[in-house]
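Notes follow once the structure below has been shown.
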Amino acid sequence: MKESIYSARQIFWGTIFGGPFSLIHFLKKNFKAIGKISEAQKVVSLGLPIALALLVLIVVIPFKISTAVFIACAFYGEKIAREQQFDNLKIHNELTCESTWKVIGVTFLSL
Numbered sequence: 014m015k016e017s018i019y020s021a022r023q024i025f026w027g028t029i030f031g032g033p034f035s036l037i038h039f040l041k042k043n044f045k046a047i048g049k050i051s052e053a054q055k056v057v058s059l060g061l062p063i064a065l066a067l068l069v070l071i072v073v074i075p076f077k078i079s080t081a082v083f084i085a086c087a088f089y090g091e092k093i094a095r096e097q098q099f100d101n102l103k104i105h106n107e108l109t110c111e112s113t114w115k116v117i118g119v120t121f122l123s124l
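Quick note: to get my numbering, add 13 to the position in the sequence shown (first position is 1).
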């Protein structure tokens, strides 16, 4: 069975609507799929404290700023996917793209 990954666009839109917790899931899954287990663990160990801090900050910062922070997370996640994950796809021909329905499901669960 072919391993599946999330595309950079799926990561971007999933993060826009699902927030930083969905970003952590998408990046972790992709790193595991391309065999970078240590990077997948870094995503979780660095991403969870940052995501929890953002969750706390959302309560106290204005809505416009919190929206900008989520959009910045989405752009940063897409950048990581393109630079650190998709550069390796040339050697991973057995990978396929994940279903958009799965992205919607993960995004919904991350809310």
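We put the CB at the ideal spot given by N, CA and C, even for glycine.
Model, not experiment: these values are computed from the prediction.
Coil, strand or helix - Gly47 by DSSP: On the sequence shown, position 34 is the one that residue 47 refers to. Sequence check: residue 47 is Ile here, not Gly. Three-state DSSP puts Ile47 in coil, outside helix and strand.
Of the residues Ile47, Phe34 and Leu65, the one placed nearest Thr109, counting alpha carbons only: Taking the sequence shown and counting its residues from 1, one reaches residue 109 at position 96. Comparing Cα positions, the closest option is Ile47.
DSSP-derived helix/strand/coil call for Ile74: As a first step, residue 74 must be located in the sequence shown, where it is residue number 61. Here Ile74 sits in coil by DSSP.
Ser79 in three-state terms, based on DSSP: On the sequence shown, position 66 is the one that residue 79 refers to. DSSP places Ser79 in helix when its eight states are reduced to three.
Span separating the alpha-carbon of Trp26 from that of Leu40: If you number the sequence shown from 1, residue 26 lands on position 13. If you number the sequence shown from 1, residue 40 lands on position 27. Put simply, the backbone Cα of Trp26 is about 13 Å away from that of Leu40.
Beta-carbon gap between Asn43 and Ala94 smaller than 8 Å: For the purposes of this step, residue 43 is identified with residue 30 of the sequence shown, where counting begins at 1. For the purposes of this step, residue 94 is identified with residue 81 of the sequence shown, where counting begins at 1. Taking 8 Å as the Cβ cut-off, Asn43 and Ala94 qualify as a contacting pair.
Limits of the alpha helix (DSSP H) - the one that Leu108 falls within: On the sequence shown, residue 108 is found 95 positions in, with the first residue counted as 1. Here Leu108 belongs to no alpha helix (DSSP H), and DSSP marks it neither H nor E.
Proximity of Gly32 and Ser123 at Cβ, strictly below 8 Å: Walking along the sequence shown from the start, residue 32 turns up at place 19. Walking along the sequence shown from the start, residue 123 turns up at place 110. In contact: Gly32 and Ser123 (Cβ atoms closer than 8 Å).
Strand pairing of Ser20, partner residues [DSSP]: One-based indexing of the sequence shown puts residue 20 at position 7. None; Ser20 has no bridge partner.
Whole-angstrom distance between His38 and Leu70, CA atom to CA atom: As a first step, residue 70 must be located in the sequence shown, where it is residue number 57. As a first step, residue 38 must be located in the sequence shown, where it is residue number 25. Going by the C-alpha atoms only, they are around 21 Å apart.
Exposure label - Leu65; buried when at least 16 CB within 10 Å: As a position in the sequence shown, residue 65 is number 52, starting the count at 1. Leu65 comes out exposed.
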